[in-house]
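Notes follow once the structure below has been shown.
This is the structure in C-alpha cells:
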C-alpha cells in the first residue's frame, strides 16, 4: 500500500482512542496518493460553474467515465470483465468514482485555457492541496476517510495500457482503504502527460446516511458540501473578461467570503 507509515500512525492513534476528527490530518496524508499534500494545485474553472459552487457551498465532481471526460481511455477498467473459475467479474465499484481535474503546474498557459475552456471565460484557481482535502473530508460523514482522495495521475504508454487491460488479476485493485480503485481511475494514456494532472477523487457510497442526506447526484455530477471560504488562495481572470465584468465578479466573490487576491491579467 501507499503511505504505509502514515497508516501505521493512524492505527496507533486509533488504539490510543483518538477520534476521526483528531486523525483527519493523517487521513489527508494517507489519502494523498503519489502527491504531497504540501503542494499547491491549480484548476481552470468555467466562471459560471465556480460561482455556482461558491454560492451554494458545494464541490461539483464529474463521473469518471469515457463520456464525461470525452476520452475513451478514462476509467479503463470500468467495463473490464475479469474471469475466475469460468465466471465473469466486473469491478462495479469503479462506476462510483467522481473526480475534479487539477494540475501541479504553476504556469497559467494559453494552451490550457484553449483546451479546457474551449473559448469560454474562465478563472484559474490556486489552493493548498492539504487545506482543500481537509475541507473536503466532512466530519459529519463517519466514513470520510474512505471517500475523499487526491492522486497524481499515472500516464501510461499504449503498450502499458494494453497490459493493464489484458491482465486478469483484479486483486491489485482491491484493498480495504480504497487506494486500488482510486489509482485505477487515475490512470490514463501518456499523450496527456503534459497536463501534469492531480486528480481530486470522491467515492460515492449510496448506503451511507450522510451521503443520502447531503450528497446529490445530478446527471454525471456529484455535488458534495464544501465551504470555499479561506480555501481559495488566488484567482486570476484572463483578458476574455472585461474590466466591468471583473468588477462584478469581484463583488460577487467577496460577498461570499472569498477574500484572496483576485486579479485580471492577460495570458501569454
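In our numbering, the protein residues as written are 101 to 368. Each residue gets a CB set at the ideal place from its N, CA and C atoms; glycine is no exception.
(request) Starting from residue 211, follow the alpha helix (DSSP H) in both directions and report where the run begins and ends. (result) 210-217
(request) Write down every uninterrupted run of the beta strand (DSSP E) in the stretch 280-322 whose length is 3 residues or greater and which is fully enclosed by it, in chain order. (result) 287-289, 297-303, 316-318
(message) Our contact map puts residue 299 next to residue 201 with C-beta atoms below 8 angstroms; I'd like the distance itself, whole angstroms only.
(response) 6 angstroms
(message) Need the endpoints of the alpha helix (DSSP H) that residue 238 sits in, please.
(response) Run containing residue 238: none; DSSP gives neither H nor E here.
(message) So, under 8 angstroms CB-CB, residue 127 and residue 236 are touching, yes? Tell me the CB distance rounded to an integer number of Å.
(response) The Cβ separation is near 11 angstroms, so there is no contact.
(message) For the beta strand (DSSP E) containing residue 162, name the first residue and the last one.
(response) 158-163
(request) Use the C-beta contact count for residue 101: other C-beta atoms within 10 angstroms, 16 or more gives buried, fewer gives exposed. (result) exposed
(message) Assuming residue 328 and residue 358 are in contact, meaning their beta carbons sit under 8 angstroms apart, how far apart are those beta carbons, in whole angstroms?
(response) 7 angstroms
(message) For residue 160, which residues in the same chain have their Cβ closer than 6 angstroms to its Cβ, ignoring the five residues on either side in sequence?
(response) 153, 321, 323
(message) Along the chain, where does the alpha helix (DSSP H) containing residue 128 start, and where does it finish?
(response) 124-130
(message) Check this for me: beta carbons of residue 388 and residue 129, under 9 angstroms apart or not?
(response) What the structure shows of the chain is the stretch from 101 to 368, and residue 388 is not part of that stretch, so it cannot be assessed.
(message) Tell me which residue opens and which closes the beta strand (DSSP E) that residue 254 is part of.
(response) 254-256
(request) Quickly, what does DSSP pair residue 198 with across the bridge? List them, please. (result) 163, 302
(request) Let me know the secondary structure DSSP gives residue 246 once reduced to three states. (result) helix
(request) Identify the continuous beta strand (DSSP E) that holds residue 333 and give its terminal residues. (result) 332-337
(request) Check whether the Cβ atoms of residue 247 and residue 304 sit closer than 9 angstroms, and answer yes or no. (result) yes
(message) Using a 10 Å radius around the Cβ and a threshold of 16 neighbouring Cβ atoms, would you call residue 172 buried or exposed?
(response) exposed
(request) Measuring alpha carbon to alpha carbon, tell me which of 162, 231, 166, 340 ends up nearest residue 289. (result) 166
(message) According to DSSP, simplified to helix, strand and coil, what is residue 351?
(response) helix
(message) Buried or exposed for residue 351, going by 16 or more other Cβ atoms inside 10 Å?
(response) exposed
(request) Just mark residue 366 as buried or exposed, buried being the case when its beta carbon has 16 or more other beta carbons within 10 Å. (result) exposed
(request) Classify residue 331 as buried or exposed, calling it buried when 16 or more other Cβ atoms lie within 10 Å of its own Cβ. (result) buried
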